[in-house]
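Chemist:
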Amino acid sequence: MRAVSWLVAAFSALGLLNLSRAGRQADAQLTAALDSGLGPDRRTASAGLWRRPAGGGTAKTPGPLRMLRIYRDYAHDGDISYGEYGRANHLDIWRRPDLDLTGTAPVLFQIPGGAWTTGNKRGQAHPLMSHLAELGWICVAINYRHSPRNTWPDHIIDVKRALAWVKAHISEYGGDPDFIAITGGSAGGHLSSLAALTPNDPRFQPGFEEADTRVQAAVPFYGVYDFTRLQDAMHPMMLPLLERMVVKQPRTANMQSYLDASPVTHISADAPPFFVLHGRNDSLVPVQQARGFVDQLRQVSKQPVVYAELPFTQHAFDLLGSARAAHTAIAVEQFLAEVYATQHAGSEPGPAVAIP
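For the sequence shown, counting from 1, position 328 maps to 328 in full-length UniProt numbering; every step adds exactly one.
Here it is in structure tokens:
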């Protein structure tokens with residue numbers, strides 16, 4: 001019995017060592033990606049760029065137990081309606097309770113993943129949102145309509161409608177409608193990229209064509225960027241899912257619908273800055289999706305394109321708290337700090353403010 005206990009302990013220690021090693025490797029890979037995409041003189045800290053709460057700091061790593069209460073710590077404004085489709089059109093606003101509501105905090109707009117058929121505004125991107133909220137950001141997490149009850153492009157229409165709501169109302173919560181960074185993982189990575197590359201596109205804004213849906217930066221995680229690349233960049237079950245449940249049209253007879261739904265189709269010189277993240281060992285969305293998308297972005301876009309391909313990393317690697325998720329949140333902070341500084345050159349953030 002004692003031998004079994006020692007064996008279990010040894011395997012546990014080995015697992016912890018592997019996790020620690022993966023975290024260190026992710027840190028090195030993220031740093032190299034930022035240096036390559038932004039230059040060696042890039043910012044490595046965000047202090048002084050925007051007004052921070054006086055009590056703000058680094059968020060606690062949201063592990064499994066922390067996940068049980070992290071929502072209560074930051075989501076002080078929940079289940080706000082942005083559209084007509086009930087809970088599918090609700091959003092939550094994350095912020096520190098002492099954030100200055102008269103300020104202009106930068107905004108992170110988070111879209112959950114779930115194969116366009118499931119997923120909720122609660123439970124995803126908590127390491128990133130809690131980290132940025134501690135630094136004085138406002139984070140908005142949304143729900144949107146899912147398939148098979150709903151059909152493409154209902155999903156992106158809801159994303160655009162939520163963006164329009166944020167543009168119109170986030171100043172009431174202390175946010176800056178002129179600096180919104182969009183993010184999401186998996187299906188959320190697809191939707192965040194598509195939204196970033198199709199600002200004010202009337203095809204995806206029926207009934208609110210005049211609304212401003214531009215964003216200032218995009219940070220997609222392990223997304224699907226090309227619905228037409230089947231040979232080497234698509235899981236075998238992806239096309240049946242799209243044809244039967246999401247787009248609900250055969251690809252061969254309706255290729256234009258699949259092209260329109262692909263972020264890679266909409267890349268232009270006016271694309272916002274992008275930070276694309278993907279795990280090299282992703283078994284659900286092959287890494288070739290990210291590589292091809294980034295190659296196209298770098299050829300066409302006038303803005304920075306940062307790409308981090310993380311070794312020994314699977315799909316949804318940032319879902320729970322880990323060293324890798326923490327390093328990733330810091331890397332995203334540094335990327336967004338560089339973008340923010342460039343777009344706000346010459347402006348003053350003002351002092352930190354404590355709200356009684």
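By construction, the Cβ of each residue, glycine as well, lies at the ideal position given by its N, Cα and C atoms.
List in chain order: all unbroken alpha helix (DSSP H) runs of 4+ residues lying wholly within the stretch 134-170.
Modeler: Segments of the alpha helix (DSSP H) lying fully in the stretch 134-170: 154-169.
Chemist: Using C-beta distances below 6 Å, list every residue in its chain close to P351, excluding the 5 sequence neighbours before and after it, in chain order.
Modeler: Taking the sequence shown and counting its residues from 1, the one referred to as residue 351 is at position 351. Caution is warranted here: a pLDDT of 47 is assigned to P351, below 50, making its placement in the model unreliable, and no coordinate value can be reported.
Chemist: Along the chain, where does the beta strand (DSSP E) that runs through P220 open and close?
Modeler: Position 220 of the sequence shown holds residue 220. A217 to F221 is the span of the beta strand (DSSP E), which, as asked, contains P220.
Chemist: Could you pull out every residue in the same chain whose Cβ sits closer than 7 Å to the Cβ of T342, ignoring the five residues on either side in sequence?
Modeler: As a working note, residue 342 is residue 342 in the sequence shown. None.
Chemist: When you compare the stretch 168-181 with the stretch 88-103, are there three or more beta-carbon pairs, one atom per stretch, that lie closer than 8 Å?
Modeler: Segments in contact, yes.
Chemist: Beta carbon of A162, beta carbon of Y82: below 8 Å?
Modeler: As a working mapping, residue 162 is identified with position 162 in the sequence shown. As a working mapping, residue 82 is identified with position 82 in the sequence shown. Cβ atoms of A162 and Y82: closer than 8 Å.
Chemist: Please name the residue, chosen from V285, D212, V306 and H315, that lies closest to A218 on a Cα-to-Cα basis.
Modeler: Position 218 of the sequence shown, counted from the first residue, corresponds to residue 218. Of the listed residues, the one whose Cα sits closest to A218 is V306.
Chemist: Can you tell me whether D92 is helix, strand or coil according to DSSP?
Modeler: By 1-based counting over the sequence shown, the position of residue 92 is 92. DSSP places D92 in strand when its eight states are reduced to three.
Chemist: So L30 and T328 are supposed to be a Cβ contact under 8 Å. How far apart are they, rounded?
Modeler: Counting from 1 along the sequence shown, the entry for residue 30 is found at position 30. Counting from 1 along the sequence shown, the entry for residue 328 is found at position 328. Going by Cβ atoms, the distance from L30 to T328 rounds to 7 Å, so yes, they are a contact pair.
Chemist: Let's see if you can read the secondary structure: which residues bound the alpha helix (DSSP H) around D295?
Modeler: For the purposes of this step, residue 295 is taken as residue 295 along the sequence shown, with counting starting at 1. Counting along the chain, the alpha helix (DSSP H) containing D295 begins and ends at Q288 to V300.
Chemist: State the Cα-Cα distance for the pair F293 and P106, rounded to the nearest angstrom.
Modeler: Within the sequence shown, the letter at position 293 stands for residue 293. Within the sequence shown, the letter at position 106 stands for residue 106. Each residue's Cα considered, the two are about 26 Å apart.
Chemist: Can you tell me whether DSSP reads V339 as helix, strand or coil?
Modeler: The sequence position of residue 339 within the sequence shown is 339, counting from 1. Helix, per DSSP.
Chemist: Is it buried or exposed for T183, if we count other Cβ within 10 angstroms and need 16 for buried?
Modeler: In the sequence shown, the residue the question calls residue 183 occupies position 183. Buried, by the Cβ-count rule.
Chemist: Any heavy atom of the ligand SAM closer than 7 Å to the CB of D318?
Modeler: Judged by which ligands are present, the structure shown has none, so any question about the ligand SAM falls away.
Chemist: I'd like the list of long-range same chain contacts for L209, defined as Cβ closer than 7 Å, with 5 residues on each side in sequence excluded.
Modeler: One-based indexing of the sequence shown puts residue 209 at position 209. One point to set straight first is that residue 209 is Glu, not Leu, in the sequence displayed. Only P202 meet the Cβ criterion.
Chemist: Just confirm the distance between the C-beta atoms of P263 and H146, as a whole number of angstroms; I'd bet it's less than 8 Å.
Modeler: Working through the sequence shown from its first residue, we reach residue 263 at position 263. Working through the sequence shown from its first residue, we reach residue 146 at position 146. About 19 Å; that fails the 8 Å criterion.
Chemist: From the DSSP output, read off the bridge partner residues of V306.
Modeler: Start at 1 with the first residue of the sequence shown, and residue 306 comes out as number 306. Per DSSP, F275.
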